[in-house]
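Just remember that the working numbering sits 1145 ahead of the position in the sequence shown, which is counted from 1. See below for the structure under consideration.
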Amino acid sequence: MMHEVRSIPPAPRRIRLRPLLAHRWPLLASGSLLVVCGTLLAWLMFLQEGGKWSDTARLDRGPCRIVAGTVLAVGPPFVDGNRALRWVDYEFPWARETVSLTLKGHAFVPEPAPAPGARVDVEVLVAEPNRNRIRGALAMIDHDYLHPPFWIAAMVAPGALLLLGWLAGAFTLRHVLVHGDVSVGRVVRVDRVPLVLPQMLRIDYEFRDHRAIVRRHGHWVRLHGALGVRLAAALDAAPTAEPLPVLHDRLHPQHSRMLLPQDFLPENTAAPTRLSEHGVT
């Protein structure tokens, strides 16, 4: 209705937060999910870096002692990347002060693996004898996804880019809503967006900018919002011909938004009310 077009407050306007959050909300949702989950995974990988997965790196740094060990069991072969490995259990003697111990360990040995009962050389970290491996083998199989930089690059960085894209769009929309010119728009097409919750409508509309040039634009509208309820009837019928408010940027008219006066905060009328009490209007 034309009264809704005339009901849009003059610039600069006070806008509600909901239209900004709803603008390109899939970017906001997916970007936030990637950043939060990626940060948590990177933090978990950081916490476990000093655990069992770091045995190979610690043994490489040393200092280590070489002792004779005995193979107890050999697992089936498997392929990791371009190498064939076997899980091998072994035991070895270790003397600590006056106490002699028999320690056990396991390692990933490349083919050909020693047979059960075979004698092998075992590298033992002097400061922590529980960290050990068969000489030439891997204490643990390391992968890139076991370290924080992988999750930062795979999830946090793409999520941050999505959030920056959403933030840029939100600032552009805020500028349009606060300072944009008001035009009369007419809806030319309404479609339901599939596989999206909450339910959304895709609307296309036409309006004339301040140069009287006809522009066509579109965006998503929440089905159960005030504007969505008005336009839902057009899903199975011809688009409504009633005029609806459209705000567009004067310098970049391709940036526009169809909305209702309810999306703006009411003007502050407290000062005129106080003056009217003294007989001034």
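The C-beta atom is built at its ideal place from N, Cα and C for all residues, glycine as well.
Length of the line joining the Cα atoms of residue i and residue j
i, j, result
"residue 1387", "residue 1331", "7 Å"
"residue 1164", "residue 1205", "57 Å"
"residue 1375", "residue 1304", "35 Å"
"residue 1194", "residue 1174", "30 Å"
"residue 1392", "residue 1402", "5 Å"
"residue 1230", "residue 1212", "22 Å"
"residue 1349", "residue 1389", "12 Å"
"residue 1346", "residue 1301", "30 Å"
"residue 1218", "residue 1198", "22 Å"
"residue 1202", "residue 1167", "48 Å"
"residue 1279", "residue 1215", "10 Å"
"residue 1154", "residue 1295", "50 Å"
"residue 1427", "residue 1180", "The chain is shown only over 1146 to 1426; residue 1427 falls outside these bounds and no answer can be derived."
"residue 1191", "residue 1293", "6 Å"
"residue 1160", "residue 1177", "24 Å"
Which listed residue (the options) has its alpha carbon closest to that of residue i
i, options, result
"residue 1234", "1227, 1287, 1263", "1263"
"residue 1226", "1198, 1247, 1288, 1218", "1288"
"residue 1249", "1255, 1236, 1260", "1236"
"residue 1150", "1352, 1359, 1240", "1352"
"residue 1396", "1367, 1324, 1371", "1324"
"residue 1152", "1354, 1328, 1334", "1328"
"residue 1314", "1179, 1220, 1399, 1216", "1399"
"residue 1241", "1283, 1274, 1148", "1274"
"residue 1333", "1316, 1220, 1364, 1344", "1364"
"residue 1277", "1360, 1200, 1306", "1200"
"residue 1169", "1406, 1189, 1394, 1308", "1308"
Which of helix, strand or coil DSSP assigns to residue i
i, result
"residue 1243", "coil"
"residue 1288", "coil"
"residue 1297", "helix"
"residue 1420", "Low per-residue confidence applies at residue 1420: pLDDT is 41, beneath 50, and the placement is therefore not dependable, though the value from the model is reported in the following sentence. Reduced to three states, the DSSP call for residue 1420 is helix."
"residue 1164", "helix"
"residue 1364", "strand"
"residue 1259", "coil"
"residue 1334", "strand"
"residue 1158", "coil"
"residue 1351", "strand"
"residue 1177", "helix"
"residue 1402", "strand"
"residue 1359", "strand"
Those residues which DSSP pairs with residue i across a bridge
i, result
"residue 1270", "1209"
"residue 1390", "1329"
"residue 1234", "1218, 1251"
"residue 1279", "1267"
- Query: Is the number of C-beta pairs between the region 1329-1348 and the region 1310-1321 that are closer than 8 Å three or more?
  - Reply: no
- Decide yes or no for the touch test of the region 1268-1285 against the region 1207-1223: beta carbon pairs closer than 8 Å, at least 3 of them. yes
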